[in-house]
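Numbering (this note's numbering), first residue to last: 6 to 81.
Built from N, CA and C at the ideal position, the CB exists for glycine as well.
A short worksheet on the structure shown next.
Here is the structure:
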């Protein structure tokens, strides 16, 4: 579980967050699947098997590979 933060730790975090906000950033927290777990790996295998069984899947794979690397926009 989480242990309470000390006042020193809280103020250090607050200063860091304020500095990041001053640089134009905002804090964003969210949960992500843990891709290291056996359950995730099994689900990924099942999903890939389902995709491989679809007709016309090569078109989808070609599309995904084509957009995988998005060209950088010029700042001009």
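Query, Result
"Continuous alpha helix (DSSP H) assignments of at least 4 residues falling wholly in the region 52 to 78", "62 to 71"
"Residue 45 (DSSP reduced to helix, strand or coil)", "helix"
"Distance CB(residue 62)-CB(residue 56) smaller than 8 Å", "yes"
"N-terminal and C-terminal residue of the alpha helix (DSSP H) that residue 12 is part of", "12 to 27"
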